[in-house]
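Chemist: Just passing along the structure, written as C-alpha cells.
2 protein chains.
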Amino acid sequence: MTTRSYKIMPKQTFFNLPDEKRENIINIAVDEFAEFGLENASTNRIVSKSGISKGSFYQYFEDKQDIFMHLLKILEREKMAYLSGQSPPNMNLDTFAYYRWMVKTGLAFNSTNSKMVQAVTRVMVGERFFFSKYLTDARERTKEFIKNMIDNAIKKGEIDPSIDVELAVMVMEAWQNTITTYILDEGMKQKDFAAWVYSAKTQEMIDKLLYVMEYGLRKTESEFITRPPSNSPLIGEK
Amino acid sequence: MTTRSYKIMPKQTFFNLPDEKRENIINIAVDEFAEFGLENASTNRIVSKSGISKGSFYQYFEDKQDIFMHLLKILEREKMAYLSGQSPPNMNLDTFAYYRWMVKTGLAFNSTNSKMVQAVTRVMVGERFFFSKYLTDARERTKEFIKNMIDNAIKKGEIDPSIDVELAVMVMEAWQNTITTYILDEGMKQKDFAAWVYSAKTQEMIDKLLYVMEYGLRKTESEFITRPPSNSPLIGEK
DNA sequence: CTATAATATGACCTGGTGGTCATATGACCA
DNA sequence: TGGTCATATGACCACCAGGTCATATTATAG
Numbered sequence: 001m002t003t004r005s006y007k008i009m010p011k012q013t014f015f016n017l018p019d020e021k022r023e024n025i026i027n028i029a030v031d032e033f034a035e036f037g038l039e040n041a042s043t044n045r046i047v048s049k050s051g052i053s054k055g056s057f058y059q060y061f062e063d064k065q066d067i068f069m070h071l072l073k074i075l076e077r078e079k080m081a082y083l084s085g086q087s088p089p090n091m092n093l094d095t096f097a098y099y100r101w102m103v104k105t106g107l108a109f110n111s112t113n114s115k116m117v118q119a120v121t122r123v124m125v126g127e128r129f130f131f132s133k134y135l136t137d138a139r140e141r142t143k144e145f146i147k148n149m150i151d152n153a154i155k156k157g158e159i160d161p162s163i164d165v166e167l168a169v170m171v172m173e174a175w176q177n178t179i180t181t182y183i184l185d186e187g188m189k190q191k192d193f194a195a196w197v198y199s200a201k202t203q204e205m206i207d208k209l210l211y212v213m214e215y216g217l218r219k220t221e222s223e224f225i226t227r228p229p230s231n232s233p234l235i236g237e238k
Numbered sequence: 239m240t241t242r243s244y245k246i247m248p249k250q251t252f253f254n255l256p257d258e259k260r261e262n263i264i265n266i267a268v269d270e271f272a273e274f275g276l277e278n279a280s281t282n283r284i285v286s287k288s289g290i291s292k293g294s295f296y297q298y299f300e301d302k303q304d305i306f307m308h309l310l311k312i313l314e315r316e317k318m319a320y321l322s323g324q325s326p327p328n329m330n331l332d333t334f335a336y337y338r339w340m341v342k343t344g345l346a347f348n349s350t351n352s353k354m355v356q357a358v359t360r361v362m363v364g365e366r367f368f369f370s371k372y373l374t375d376a377r378e379r380t381k382e383f384i385k386n387m388i389d390n391a392i393k394k395g396e397i398d399p400s401i402d403v404e405l406a407v408m409v410m411e412a413w414q415n416t417i418t419t420y421i422l423d424e425g426m427k428q429k430d431f432a433a434w435v436y437s438a439k440t441q442e443m444i445d446k447l448l449y450v451m452e453y454g455l456r457k458t459e460s461e462f463i464t465r466p467p468s469n470s471p472l473i474g475e476k
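So the protein sequences, as listed, match chains A and B. Just so we're aligned, residue 1 is where the first sequence starts under the numbering used here, counting upward by one. Just so we're aligned, residue 239 is where the second sequence starts under the numbering used here, counting upward by one.
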C-alpha cells in the first residue's frame, strides 16, 4: 500500500457496456457496500448477483476499491448537480443560513438516494482508518469547500476575521458527519425513511443541531477576548 | 448474530494463568486491535505472537469479540479509577467546566495509555456498524453518564430546564468523539504523542472546541424563544 | 506411585477472500 | 469463409479466517 493518492478509475471496457448492464452492476455494488461496507464487501457476491464473470469484473475495474471510488464520484457529481438546480429561498442569506440550507437540501437529496448515501457514509465514517488513502481526497474536497465558504464570509464581513478558520472548518465538518450519521442511524429504524426525514420532529432536531454549531462558532472568539483559555481548568500533571 | 446484548467474559482458565502471561496476552491483543481494528484483527496472529496455542485461546475466551470486550472493560475500569483519584481544581465548577475538566483529564489518562485507547477508539468509532451489538452497552453507559450530569445541572439551576436534554446528550457525546478522533488522527502523526497532547497549541484547540459546544448549548433554547425554527430556510420540496 | 483433573497442543475443518490467466465466445471485417 | 479483435468465462491460485477436537502434557491429590 503506497501513500500515493488513489486515481484509478473504471476501464474503458466498463464504459463500453450497454447502459442497462452498467447500471445493474453499479446498483448491486451499492447494495453490497451499503450492507457490508468496503472492507467486507465481497467481489464474489457482486459478481454472482450481477451475472458477470469474475474475470470480467477485473476487466472493468482495477480492484474492489476502484468500483467504490467510482460510486463516490457518481454521488458527488449527482449531489452537486442537485444542489446547483436548487435555489436558496433568497439571495441575502448569510453564510450560516446558507450552510443550513445546504445541509438540509443535501438531506433532501439523501432521502431520495438513501441506499447510495448509506453505502458511502458507512465507509467514510466507519472505515476511515483502513482506507485513508482512498478517502483522503474526498475529505479534502469537503474541507476545501467549507474553507472557501468561510473565507468568502470573512470577505463579506459576515464572520469576524479573528475566527480560527481551522477550527471552524473542523467543527463544520464534524457537524456534517454528526448529522449524517444521526440521520443514518435513526433513519435505518424507520419504516419510511423519506417521510421521517421530512417530519417536523426531525427537522426541528436538525435545526437545533445547526444552531448549536452556529452560536458556538459566533461566540467563541469574542468570548476568548474576555475569558482566555488559560482560565480553563488545568489538565492533570504527568 | 442475535440481538441479545453481549455478556460473555473470559473463562476461569484465563484468570488461572500467571499474571505475567495474562498481561502478555492482553498487551499483544491491544497491539493487534490498535493496528487492525476488531473485524480485521486475527486470532492467528494474536496466538502466534503470544506463544499460546490456538486451542488455548478458545479455552480462555469465548471468541475474538470476547477478548476485545475484556479490553473495553479494563479500559473503562482504569479510566474511572484514574478520574476518581483526581480532584477538580475547585469544588465550585459548573457543569460545563466540570465536563471540560473531565474531558481533559481523560485526555491525560489517554496519553499514558495511548495504545489501548487507540485500539478501543478505533473500534468504537470505526466499526460501529459491524459490532453494534457489542458496542451498544458501552455507548449507553456513556450517554447515561452524560444524561445524569445534565439532570443534576438542571437541579442545581446551572442549566435552563427548558434545554432539550436529548439534544445536549447527543451533542456532548458527538463532541467527545470528535475530540477523541482528532487527538487520535493528529496524535498518530506525532513523534511524541504525550508531549503533543500537553502542548499549548493542542490544549488551545481542545479548549476552543469545548467552548464552541458550551456556547452553542447555552444559547440555543433562549434564542429559539426569539427566533423559532420555523424561520429556518425550508428544506427542498419533494 | 497411580489416578484424576487441569491445561496445552496443533492438525484439521469449513468457508471464504481478492485476484490471475488460459481458454472460449462473439462481433466485425474483407 | 477465415482472421482479428473485443469481450466473457470460470477453474485455479495462494492465502487466510474463526473455530473444533482428539490427543498429549502437566499439575495435583491421595
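We treat Cβ as the ideally placed atom computed from N, Cα and C, and that holds for glycine. What you are looking at is a predicted structure, and each value in this text was computed from that prediction instead of being measured.
Closer than 6 Å by C-beta to Lys353(B): which residues in its own chain qualify, once you throw out the five before and the five after it? Chain order, please.
Modeler: Val268, Ala272
Chemist: Quick one, which of Gly126(A), Ser111(A), Val212(A), Met170(A) has its alpha-carbon nearest Gly187(A)'s?
Modeler: Gly187(A) has its Cα closest to that of Ser111(A), out of Gly126(A), Ser111(A), Val212(A), Met170(A).
Chemist: Identify every run of the alpha helix (DSSP H) within the stretch 370 to 396 of chain B, keeping only runs that are complete inside it and at least 4 residues long; order them along the chain.
Modeler: 370 to 393
Chemist: Using beta-carbon positions only, say whether Gly364(B) and Glu127(A) come within less than 8 Å of one another.
Modeler: yes
Chemist: Starting from the N-terminal side, write out each stretch of the beta strand (DSSP E) that is 3 residues or longer and does not extend beyond the stretch 319 to 363 of chain B.
Modeler: none
Chemist: When DSSP labels each residue in this structure, what does Met1(A) get in the three-state scheme?
Modeler: Unreliable placement is indicated for Met1(A), whose pLDDT of 31 sits below 50; the coordinate value is still reported in the next sentence. It is coil, neither helix nor strand.
Chemist: Does the beta-carbon distance from Ile146(A) to Glu173(A) come in below 8 Å?
Modeler: yes
Chemist: Could you check which residue in Ala97(A), Glu158(A), Ala108(A) has the C-alpha nearest to that of Leu83(A)?
Modeler: Of the candidates Ala97(A), Glu158(A), Ala108(A), the one whose C-alpha sits nearest the C-alpha of Leu83(A) is Ala108(A).
Chemist: Mapping the DSSP letters down to three states, classify Ile163(A) as helix, strand or coil.
Modeler: coil
Chemist: Just checking: is the beta-carbon of Asn40(A) within a distance shorter than 8 Å of some beta-carbon in chain B?
Modeler: yes
Chemist: Is there a C-beta anywhere in chain A that falls below 8 Å from the one on Lys317(B)?
Modeler: Not closer than 8 Å to any Cβ of chain A, the Cβ of Lys317(B) fails to qualify, so no.
Chemist: What residues of chain A sit near Asp301(B), judged by a beta carbon separation below 8 Å?
Modeler: What Asp301(B) touches in chain A, judged by beta-carbon distance under 8 Å, is nothing: the nearest beta carbon there is about 17 Å away.
Chemist: Chain B partners of Phe129(A), CB-CB under 7 Å?
Modeler: By Cβ distance, chain B contributes Gly275, Arg360, Gly364.
Chemist: Could you check what DSSP says for Leu309(B) in three-state terms: helix, strand or coil?
Modeler: helix
Chemist: Helix, strand or coil for Arg456(B), going by three-state DSSP, please let me know.
Modeler: helix
Chemist: Just tell me which of Ser199(A), Asn148(A), Met205(A), Val197(A) has its CA closest to the CA of Asp402(B).
Modeler: If you compare the alpha carbons of Ser199(A), Asn148(A), Met205(A), Val197(A) with that of Asp402(B), the shortest gap goes to Met205(A).
Chemist: Between the stretch 275 to 292 of chain B and the stretch 374 to 389 of chain B, do three or more beta carbon pairs fall short of 8 Å?
Modeler: no
Chemist: Suppose you measure from the CA of Lys249(B) to the CA of Pro256(B); what does that come to, to the nearest Å?
Modeler: 14 Å
Chemist: Taking 8 Å as the threshold (beta carbon to beta carbon), is Thr178(A) in contact with chain B?
Modeler: yes
Chemist: Under 7 Å between beta-carbons, which chain A residues line up against Ala412(B)? List them in chain order, please.
Modeler: Scanning chain A for C-beta atoms nearer than 7 Å to the C-beta of Ala412(B) yields Thr178, reported in chain order.
Chemist: In angstroms with no decimal places, state the Cα-to-Cα distance between Asp398(B) and Ile392(B).
Modeler: Each residue's alpha carbon lies about 6 Å from the other.
Chemist: To the nearest angstrom, report how far apart Met247(B) and Leu209(A) are at their CA atoms.
Modeler: 38 Å
Chemist: Kindly indicate the opening and closing residues of the alpha helix (DSSP H) around Phe274(B).
Modeler: 257 to 274
Chemist: Helix, strand or coil: how does DSSP classify Pro10(A) here?
Modeler: coil
Chemist: What is the rounded straight-line gap between the Cα of Phe61(A) and the Cα of Trp175(A)?
Modeler: Whole-angstrom Cα-Cα distance: 34 Å.
Chemist: In terms of alpha-carbon separation, which member of Asn265(B), Asp301(B), Asn262(B) lies closest to Thr281(B)?
Modeler: Asp301(B)
Chemist: For Trp434(B), I'd like the list of residues in its chain whose CB is within less than 8 Å of its CB, leaving aside the five on either flank, ordered along the chain.
Modeler: Glu424, Gly425, Gln428, Thr440
Chemist: Under 9 Å Cβ-Cβ, which residues of chain A neighbour Val355(B)?
Modeler: Ordered by position in chain A, no residue passes the 9 Å Cβ test against Val355(B), which lies about 14 Å from the chain.
Chemist: Apart from the five residues just before and just after Lys457(B), which ones in its own chain have a Cβ nearer than 6 Å to its Cβ?
Modeler: none
Chemist: Checking 8 Å against the spacing of the C-beta atoms, do Ile28(A) and Ile46(A) come in under that value?
Modeler: yes
Chemist: Shorter than 8 Å from the beta carbon of Val268(B) to some beta carbon of chain A?
Modeler: no
Chemist: Going along chain A in order, which residues have a C-beta closer than 9 Å to the C-beta of Met443(B)?
Modeler: Neighbours of Met443(B) on chain A, chain order: Asp164, Glu166, Leu167, Met170.
Chemist: In whole angstroms, what separates the C-alpha of Asn262(B) from that of Ala432(B)?
Modeler: 23 Å
Chemist: At the level of alpha carbons, what is the spacing between Val123(A) and Gly395(B)?
Modeler: If I take the Cα positions, the gap works out to 42 Å.
Chemist: Consult DSSP for Gln297(B) and reduce its assignment to one of helix, strand or coil.
Modeler: Three-state result, Gln297(B): helix.
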